[in-house]
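Single-structure report; data block below.
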Amino acid sequence: MIQEIEQDVRETSQYLDREVLSEAVLEALRKVPRHRFVPEDQLEWAYENRPLPIGYGQTISQPYIVAIMTDLLKLRPGQRVLEIGTGSGYQAAILAEIVDRVFTIEIVEALADGARERIRNLGYEHIQTRKGDGYFGWESEAPFDAIVVTAAASHIPPPLVKQLKAGGRMIIPVGSRFMVQQLLLVQKDSEGLVTTRQILPVRFVPLTGSH
Amino acid sequence: MPQASPFPLRVSIALVSAAALGYELLLMRWFSMIQWHHFAFMIISLALLGFGVSGTVLSLFSGWLERHFSVVMIANLLLFAGSSVGALALAQRVPFNAEELLWNWRQSLYLLRVYLLLMCPFFFAANSIGLSFLRYRKGISGIYAADLAGAGFGSFGMVILLFYIFPETAVLVVSLTGVLAAAASWWALNRESSAWLIASIGCGCLLYFFPQAWIHPVYSPYKGLSQALRIPGNRIVFESSSPLGRISILESQITPIRHAPGVSLNASGEIPEQIGVYIDADSLSVINRIDEPRKQDWLDQATSALPFHFRHFDRVLIPGAGTGGEVLRALYHQSGHIDAVELNPAIIGLLEDRFAGFSGDLYHRDNVTIHVADARGFAEGQAAEYDLIQLGLLDSMGSSAGLQALGENYLYTVEALKTFLGRLTPQGVLALSLWTKIPPRDTLKMFATAVQALKDRRVPFPGRQLILIRGWQTSTLIVKNGMITGPEITRTLEFCKDRSFDPVYFPGIHPEQTNRYNKVREDYFFLGSHALLSEHSSAFQRDYKFNIEAARDDKPYFFDFFKWRSLPEIISSLGSGGISLLESGYLILMLTLVQAILASMVLILLPLRVAKKRSGDTPMHKVLAYFFPLGVAFMFLEIALIQKFILFLHHPLYAITATLSTILICAGMGSRWAQRFDSPESRFGAVRYSTAAILSLGLAFALGLNSLLVELVNLSQPVKFLIAALLLAPPGFFMGIPFPLGLSAVAARVPAMVPWAWGINGCASVISAILATLVAIQFGFTLLMFFSLLLYAVAALCFPRFSDIKNVPRGA
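Which chain is which? The protein sequence lines are C and Z, in order. Going by our numbering, the first residue of the first sequence is number 31, and it counts up by one from there. Going by our numbering, the first residue of the second sequence is number -2, and it counts up by one from there.
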């Protein structure tokens, strides 16, 4: 799985500003046992590069997408990350392998309970979970160096933009549960100006010929 | 000994045919609710192969089945009644997830299970009809007439029924109709035995006690409504249903619904309390709690607010007003009078009655007039009096997966934009908002469509009347009925800067003014819009890997972006995120066609092998050469005619109902009339003449119908229905003649081939329904009509006269 992801990333390196995934992201992908985050009937595909259903109409994302999203956040040890939409907890675990503190919020009770238990059993003590509405972020722990919004949103909640540090990055996958269409990278510069980058997670030049 | 069919049997055939066609429409509705429209199309298309399977089974066991005709007939009708409810209850519980098809082979098996289950009712219905053809070989025209007339009333009846009852009740009505058909057959065939009557009554009683929970729609867990219902405190407070969709109203008691697509990242205003409105468990729109629209600053933070910054608008038209989002925006900007047009009366009803207070009486305001109408049709009938025509976002992000690709859209065509531009005052503005996709597709296609509309209106410099901007989620295209002015450009730049939106195009734009806030690596928005205005437009469209050619009424598939030559590249990158590029709608259609062709080949060829073993060289190729093109031609013509009347009747549903029921009922009359030519000497002549009539009428329709309908478009709706029926009746009548006469010819000389011919007709209908959409997307509806006429001619030339056959033994 890792080799497959590395190969794919090489092909889409133009979006990542580097040829390969950061070693920290690769190490995280190697370390986190994805099979512990998927339901039993999906175990045989736990290490395949594809999204898997986890019940409640949710999925555990395709590892390739998780890798790119994490890499785009340019994380470093010592940072604090907020995740909206814990799901299985896999993305939070990947983040926790790189940064010091991860805060994750899930609104679907059953998913939140399952993820909390999984995270505890795997010993991720620096992941804090919370059940509830992610719209207002986690004000008491703000600001964050990075925010991952995996729960679908028709607009980007202003409180999240506010809780992003100057120089921070927020990543939002756009599309359906099984088909991520593009990644939206929100960047806040040192003066607080917010811009976005729309990223197609695949090498594709939509035009042939010269125009 | 073959004989004419008794009248109660023909009643029975009409009833089961009505029930089967009604069931088909009902299933389309049902699977659009619980899955998505295009998977519904695929599932139902394949399920209809039950007709083909029936032909095969009847061919293989025709002797035994004919000997036990009475029992088999009634049993099949009762099995239809039972399976129409049972198969649906089971099929909707199969954990099929369309989105996983590309990832998980198990999904193919689930899909197969759904097909097989839903095939059952059609199989039993087709058995009863096909078996009657076999049994009453001298009364084929009468039986076919009953079949067609029943189907005509069934299609009409189901649409009417779905306005008044929920689909879960309608399925019981279908089943009960099957029971009535069985009772009519009992009356015709087996009156001396009361066992079947008791069985029929028993089935009817069972339906009465059938647990409603078993046939309550089970929505896919990946639909928006299913996901919203997992959030604590969310609940459905009201549901209504019509052929236009099932509306579910979601109230939230704990976690507020916050739906404001496209709002700028710089927006800080609070979104008001909202009530969620889901159509077919997806496509979320909201009713906002508003007392004073002027206080809702977030309304000014979307790309679609741009035109209001040019000037004050006295008269605004909002096509597709829905739950009033764009009406609110116009009120926020203190527009004068607003005409809001919405197709679905149930949506308007929500805002006028149940949630009138909640919405601040949005649709009762003095300066808002609401019209229940098709937006295009409404605009056709208006004078040039609007300062602004504002078309908001049409659908949810679901459209991005290409799933709308197969849906005809008559709002986003060159002709539609010309109509809207024709309704603007001088200097008036047409604004169109779309979801933004990467790489750009919708946005550039709309730009190309607008450029073409302006060119068609003989505007010398289209580029001087266009502005295009984009945000992180949406884009808005301004098409002005006049030159864009300097102040308007200045206001566009200010508007974009304040909201971190990017100008894509305005007259005189420089590259450094674009791609600043919402960055894309290669700015194909800017590049594409300039190319589309240049002399290289055709080359750019040719070289672009998505289809961004302007959509026209003849090919009204705005959301079809698929190009075959891009497919290998996209497939090769599926694992690495390339799935987003897959415009799956078109591929689903292709997949459906391949499945239908493969299944049909098995169904058609299997009896052929068995029959050859049994009866030596029978002229089967003659049967195939006649019935296959005939089946395809009938369906092609029917679909092409439906399309011709959509714009005239201003509603796809009206067009489908009027066309289907008129053609089927008149074809039934034609079939009945054909009985008088049912002799070896007259059949071929009658088929030739009826084909000549179809060709003449078809040619006249293809070449002159549009011009005629344009002249009559402003008549009242009932008069237009009458005109549609009068125009469709003659071709419908003649379309009913070739099939029964062909079947009679087969019955007279090769009786064992009757069920096989019936099966071929079933398979041809399924394949042609799918193929028709592909032909329309690729070549347009006019060419589809010409193809149908060509196939009618081919069929007539291949009429099975069997002049070289003396005696052909019965097959079984």
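Each residue gets a CB set at the ideal place from its N, CA and C atoms; glycine is no exception.
Neighbours of residue 64(C) in chain Z, taken as residues whose beta carbon is under 7 Å from its own, are absent, since the nearest beta carbon is some 15 Å off. For a cut-off of 8 Å, the C-beta gap from residue 499(Z) to residue 514(Z) is around 5 Å, short enough to register as a contact. Its chain contains 68, 69, 90, 117 and 118 as the residues whose beta carbon lies nearer than 7 Å to that of residue 84(C), once the 5 sequence neighbours on both sides are disregarded; these appear in chain order. Interface annotation for the segment 83 to 98 of chain C against chain Z: 83, 85, 86, 87, 88, 89, 92, 94, 95 and 98, criterion Cβ-Cβ distance under 9 Å. In the assembly as shown, residue 436(Z) is a buried residue. Its beta-carbon has 16 or more other beta-carbons within 10 Å. Look at the segment 484 to 548 of chain Z and you find these whole runs of beta strand (DSSP E), each 3 residues long or longer: 499 to 502.
The beta carbons of residue 422(Z) and residue 553(Z) sit no closer together than 9 Å. For residue 306(Z), the three-state secondary structure derived from DSSP is helix.
Around residue 688(Z), the same chain offers 735, 789, 790 and 793 as residues with beta carbons nearer than 7 Å, after the five sequence neighbours per side are excluded. Chain Z has no Cβ within less than 9 Å of the Cβ of residue 70(C). According to DSSP, residue pairing for residue 336(Z) in a beta bridge involves 314(Z) and 366(Z). Burial state of residue 151(C) is exposed, judged by a 10 Å Cβ sphere holding fewer than 16 other Cβ atoms.
Of the residues assessed, residue 80(Z) falls on the buried side of the cut-off, its CB having 16 or more other CB atoms within 10 angstroms. The alpha-carbon separation between residue 201(C) and residue 660(Z) amounts to approximately 55 Å. Cβ atoms of residue 781(Z) and residue 769(Z) come within 8 Å of each other, at about 6 Å. When C-alpha distances from residue 132(C) are compared across 101(C), 147(C) and 175(C), the shortest belongs to 175(C). The segment 354 to 361 of chain Z makes contact with the segment 276 to 287 of chain Z: 3 or more CB pairs, one atom from each, lie closer than 8 Å. Contact with chain Z is absent for residue 146(C), since none of that chain's Cβ atoms lies less than 9 Å from the residue's Cβ.
Exposure of residue 452(Z) is indicated by the presence of fewer than 16 other C-beta atoms within 10 angstroms of its C-beta. The C-alpha of residue 272(Z) is placed about 23 Å away from the C-alpha of residue 431(Z). Excluding sequence positions up to five before and after residue 54(C), its CB lies within less than 6 Å of the CB of 128, all in the same chain and listed in chain order.
For residue 144(C), the secondary structure class from DSSP, reduced to helix, strand or coil, is helix. Shown here, residue 452(Z) sits in a helix according to DSSP, grouped into three states.
In this structure, 160(C) is the residue among 125(C), 220(C) and 160(C) with its C-alpha nearest to the C-alpha of residue 141(C). In the structure shown, residue 137(C) falls within a coil segment according to DSSP collapsed to helix, strand and coil.
For residue 257(Z), the secondary structure class from DSSP, reduced to helix, strand or coil, is coil. If you keep only unbroken beta strand (DSSP E) runs of at least 3 residues inside the segment 418 to 483 of chain Z, you get 421 to 432, 463 to 467 and 471 to 477. The shortest C-alpha to C-alpha distance from residue 762(Z) to any of 593(Z), 743(Z), 718(Z) and 585(Z) is the one to 593(Z).
As summarised for the segment 617 to 700 of chain Z, there are no continuous beta strand (DSSP E) elements at least 3 residues long confined to that stretch.
The DSSP-derived three-state label of residue 344(Z) is helix. When C-beta distances to chain C are compared with 9 Å, every residue of the segment 725 to 739 of chain Z stays at or above that value. At least one CB of chain C lies nearer than 9 Å to the CB of residue 513(Z). In the DSSP assignment, residue 114(C) is bridged to 135(C) and 179(C).
Listed in chain order, the non-local C-beta contacts of residue 156(C) below 7 Å within the same chain comprise 126, 130, 131 and 132, local neighbours out to five positions each way being set aside. According to the DSSP assignment, residue 72(C) belongs to no beta strand (DSSP E), since it is labelled neither H nor E. Look at residue 219(Z): its C-beta is under 9 Å from a C-beta on chain C.
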